[in-house]
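Numbering (this note's numbering), first residue to last: -7 to 147.
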Amino acid sequence: MKKWRPGTRTYPLVHLFYTSRIKVVSYLLFKNIIHPSRLPMAFVSVIVSLLGAPLMLAQQVIFQNRLKRIRFQNNPPVFIIGHFRSGTTHLHKLMSKDREFGTPTIYHALFINYCLIGGNWLKSILAPLVPNKRIQDNVYVSMDEPEEDEIALFC
-7 MKKWRPGTRT
3 YPLVHLFYTS
13 RIKVVSYLLF
23 KNIIHPSRLP
33 MAFVSVIVSL
43 LGAPLMLAQQ
53 VIFQNRLKRI
63 RFQNNPPVFI
73 IGHFRSGTTH
83 LHKLMSKDRE
93 FGTPTIYHAL
103 FINYCLIGGN
113 WLKSILAPLV
123 PNKRIQDNVY
133 VSMDEPEEDE
143 IALFC
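Given below as C-alpha cells:
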C-alpha cells in the first residue's frame, strides 16, 4: 500500500464514503460536482455501498428490536465534549480502559452499518485495509482501538 501524503493523489484504502449507506453516497454524488481525479473514489464508494447493502439490511432486520429495547436508566451515557487538540481523545482512551465504560472501536465506528452482523469474520477481512497509523498525526491505530463516534455519525 502506498503511503498517503497531503497534496498527493494516492488515497488510503478505506475511506468514510466506502462504508456509507448507498442513499448517503448517491445524495452526495448527485448534489456535488466531482473533480475528475476523484471519480475512481466515487466509483468505488458506489460499488462498496452496493455490496454492503445486503449486510446493512440484514443487520437492521436482525438487531433493530434488540437495539430499541436498550435502556440506560442505571448507567447513563457519558459524553466527552471539547475543542479539538484539547485532550478529549486522550481522555476517551483513558476512560475506555475502565470496564465501567463502553466505547466503540474503530471497527464499530467505521463499519457501523454492518459491524453487528459482520462480527469477527468481517473484521478480519477488513483489518488489512485499515492503515496502521492515522494519516493526520502518525498515531498508531488498529481495528480494536477505541474510536470517537463522530465517524459513525457520517455513515
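Positions of the beta carbon are idealized from the N, C-alpha and C atoms, including for glycine. In this text the structure is predicted, and so the values were computed from the model without any measurement.
Which of helix, strand or coil DSSP assigns to residue i
| i | result |
| --- | --- |
| Pro123 | coil |
| Thr2 | Note on Thr2: pLDDT 44, under 50, position unreliable in the model; the coordinate value appears next. In this structure, Thr2 counts as coil in the three-state DSSP scheme. |
| Tyr106 | coil |
| Thr80 | helix |
| Thr95 | coil |
| Glu137 | coil |
| Leu112 | Per the sequence shown, the amino acid found at residue 112 is Asn instead of Leu. Helix, per DSSP. |
| Gln65 | coil |
| Lys89 | coil |
| Phe9 | helix |
| Gly74 | coil |
| Ala144 | helix |
| Asn54 | The residue you asked about is not Asn; residue 54 is Ile in the sequence shown. Here Ile54 sits in helix by DSSP. |
| Val27 | Looking at the sequence provided, one finds His at residue 27 rather than Val. Looking at His27 - three-state DSSP - the assignment turns out to be coil, as it is neither helix nor strand. |
Nearest-angstrom beta carbon gap, residue j and residue i [assumed within contact, 8 Å]
| i | j | result |
| --- | --- | --- |
| Ile109 | Ile54 | 6 Å |
| Leu114 | Tyr106 | 7 Å |
| Ser41 | Ser12 | 6 Å |
Counterpart residues of residue i in DSSP-defined beta bridges
| i | result |
| --- | --- |
| Pro32 | None; Pro32 has no bridge partner. |
| Tyr132 | Lys125 |
Practice task
Count the CB pairs spanning the segment 60 to 74 and the segment 22 to 30 that are closer than 8 Å, and state whether there are at least three.
Solution key: no
Practice task
Say whether the segment 41 to 54 touches the segment 77 to 90, bearing in mind that this needs 3 or more beta-carbon pairs closer than 8 Å, one atom from each stretch.
Solution key: no
Problem - Three-pair Cβ contact test at 8 Å for the segment 56 to 71 versus the segment 25 to 41 - result: Cβ pair count under 8 Å is below three, so no.
Practice task
Kindly confirm or deny that the segment 83 to 100 and the segment 126 to 140 touch, where touching means at least three C-beta pairs closer than 8 Å.
Solution key: yes
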